[in-house]
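Residue 123 in the UniProt record's numbering sits at position 123 of the sequence shown; the count goes up by one each step and never skips.
Single-structure report; data block below.
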Amino acid sequence: MSALDALDERQREAASVLRGPVAVLAGAGTGKTRVITHRIAHGVDTGAYSPSRVMAVTFTAKAAGELRGRLRALGIEGVAARTFHAAALAQLNFFWPTLAGDSAPSIVNNKVRMLGQAADELRFRPSTATLRDIAAEIEWRKVSMISVDRYAELGRTVTGIDADRLAALMHAYERIKDERRQLDFEDVLLACAGMIEAEPRVAAAVHEQYRHFTVDEYQDVSPLQDRLLELWLGDRHDICVVGDASQTIYSFAGAQQRYLLEFERRHPDATVVRLETNYRSQAPILAVANALMKGRPGALALVPARETFTAEPPTVTAFDTETDEAEGIAAAIASRIQAGSSPADIAVLYRAHAQSAPLQQALAAQGIPTTVLGGTRFFDMPEVRQAVLALRAAAVAPALAGFLPTVRDVLRNLGLTEEPPQAGGAQRDAWEARRAILRLAEEAPADATLRSFAEMLSARAKDQHEPELRTVTLSTLHAAKGLEWPHVHLAGWNEGALPISYATTFEQVDEERRLAYVGLTRAARTLSLSWARSAGRGERAPSRFLAEIGTTGRGTGILREISPSAMRSVRRG
């Protein structure tokens, strides 16, 4: 069976071109990861690629782990699927001893603490929140390849600190870092690029090692990452980039969608394939998403893989207050769960972390367990670490029972009960984590042992392959990127929240539009938008994006207005 057999016509077209520059413009839900992995598998299967000569780079360790897992499932081992930072750090650690005669510098583990020490030297004491903002400015400056002195000329400021003092603080930070012989994460990319550029033998070795490059989420590439890619490539052109300009939501961190939009101009011989068949969302949801992005640079017109004539039109609900909005969303979710939906199939997305508190309270009042994305990772939870250690210990003890009964006993001794505690709080979170481990054991192969199960948990932890928790997901729009749920609620569609109040320029508002688009395209079956008319004593207006999408009153249409009471009475599963 060919690696291309499982692909549709456009996906197959993208995966079949194995040489030269290739740009895959992949809309939300169109199967970009499938294309990436099947393209690499096709290259290996046909002898065009040697796995050890392929580098696939992406932006998060979780995404890199998913690439490795999917490639393994296709029978492909040995491909370097890494983040930009991991790939650059590996090269630094490999070449540095030869070039400098000692080991590579260590990595700064707390940029904010070092900035605080630099501020002490300059005799001023910014708050921790301000130091975090300054750290973000340092990261933006470096990935934008701007010197400290040039940065000072730009006139950028952080609350309470002018450009000159910011520049002085950055100089002090760099001096302390150099004295301690350390690099921060951005320095890793800068040092790797400088090493390849300055050392012909390093460049030759890198070019010999890696011949074929794939870049996921190319719309998020920064000037520094683009420069490093150019150096990795040298004078060759075997690069495949995959991205969606409509999902560029990290411009504040240095991402520049122009590299994707201008790829064909920079590579006149490039093959460009557009993936617009969406396998995730029903047609009414895609109609809303397309309407929001209509006419924007690089926007793709998503079409559903299957027309569903019973699909529910997305809805928008106006509540009087934020508390009413949270309670209305919680009541609608409770009705949906009562009708048979799993909590894991439902997500509530919002613009900022501060919006999660009333939603958590309202869902807890309904007895609905939640997980907040962006919190502690599953395999970093104390309860999970404790369970993995206990399972490893049990694996070396004399076997007294079968695999599954032993796992149950271990988890029961750690506090897993048949029935969950009341929703909300740390006890429920711990119960859900232990129950997720038990489900993994129940789904393990028939010949699984405690040792193989413990090793599997370690491999999942390394790849950040977290098990599904049977909880409703609460997440910011940024953290939700790349994920999907059958049922999605988008809360806080007010002016000042989405677009957020500090988005004042056209470019900033357009970034907020793309963020809203990411939220819309997370939904597979149902989509509910909401906003509150007031917060405290202030009156608020609905998001301008609602007007751009368009509503049609209480009839059917692209976005249907419903009353709070109608939202609370949702009954469909």
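Cβ atoms here follow ideal geometry from the backbone N, Cα and C, with glycine treated the same way.
Cα-Cα separation, residue i to residue j
i, j, result
"residue 329", "residue 107", "44 Å"
"residue 521", "residue 386", "37 Å"
"residue 73", "residue 420", "35 Å"
"residue 22", "residue 14", "8 Å"
"residue 209", "residue 476", "39 Å"
"residue 2", "residue 132", "49 Å"
"residue 119", "residue 110", "15 Å"
"residue 150", "residue 376", "38 Å"
"residue 331", "residue 325", "10 Å"
"residue 42", "residue 54", "12 Å"
"residue 201", "residue 236", "17 Å"
"residue 174", "residue 256", "25 Å"
"residue 525", "residue 251", "30 Å"
"residue 97", "residue 91", "11 Å"
"residue 226", "residue 362", "45 Å"
"residue 191", "residue 350", "37 Å"
"residue 459", "residue 532", "44 Å"
"residue 463", "residue 456", "11 Å"
"residue 124", "residue 549", "48 Å"
"residue 338", "residue 254", "44 Å"
"residue 135", "residue 494", "29 Å"
"residue 101", "residue 95", "10 Å"
"residue 113", "residue 177", "12 Å"
"residue 515", "residue 355", "16 Å"
"residue 498", "residue 140", "23 Å"
"residue 552", "residue 307", "Reliability fails at residue 552, whose pLDDT of 49 lies under 50, so the model's placement of it is uncertain and no value is given."
"residue 468", "residue 378", "10 Å"
"residue 353", "residue 364", "17 Å"
"residue 86", "residue 144", "19 Å"
"residue 302", "residue 291", "10 Å"
"residue 214", "residue 180", "36 Å"
Collapsed DSSP secondary structure at residue i in the structure displayed
i, result
"residue 5", "coil"
"residue 496", "strand"
"residue 303", "strand"
"residue 219", "helix"
"residue 246", "helix"
"residue 38", "helix"
"residue 517", "helix"
"residue 267", "coil"
"residue 476", "strand"
"residue 368", "coil"
"residue 528", "strand"
"residue 237", "coil"
"residue 18", "coil"
"residue 397", "coil"
"residue 556", "Low confidence applies to residue 556: its pLDDT is 43, below 50, so where it sits in the model is not reliable, and the reading given next is rough at best. Coil."
"residue 534", "strand"
"residue 320", "strand"
"residue 541", "coil"
"residue 548", "helix"
"residue 567", "helix"
"residue 561", "strand"
Residues that residue i bridges to, as DSSP identifies them
i, result
"residue 109", "DSSP lists no partner for residue 109."
"residue 350", "476"
"residue 80", "55"
"residue 185", "According to DSSP, residue 185 bridges with nothing at all."
"residue 335", "Paired residues: none, contrary to the question."
"residue 278", "304"
"residue 485", "523"
"residue 23", "241, 272"
Own chain, CB closer than 6 Å to residue i, minus 5 neighbours either side, in chain order
i, result
"residue 89", "188"
"residue 81", "56, 64, 67, 68"
"residue 293", "246, 299, 517"
"residue 433", "381, 383, 384"
"residue 32", "26, 242"
"residue 70", "37"
"residue 411", "434, 438"
"residue 541", "495"
Cβ neighbours of residue i in the same chain (closer than 8 Å, five flanking residues each side left out)
i, result
"residue 152", "163, 164, 166, 167"
"residue 403", "441, 444, 448, 449, 450, 453"
7 Å CB neighbourhood of residue i in its chain, flanking five on each side removed
i, result
"residue 11", "31, 34, 35, 275"
"residue 483", "522"
"residue 249", "478, 481, 511, 514, 515, 518"
"residue 269", "20, 21"
Any chain C beta carbon closer than 8 Å to residue i
i, result
"residue 410", "The chain labelled as chain C is not found in the depicted structure, where only one protein chain is given."
At 4 residues or longer, and completely inside the segment 105-185: list those alpha helix (DSSP H) runs for me, N to C. 111-121, 128-143, 148-154, 163-179
Hey, which unbroken runs of the beta strand (DSSP E) at 3 residues or more fall wholly within the segment 416-473? none
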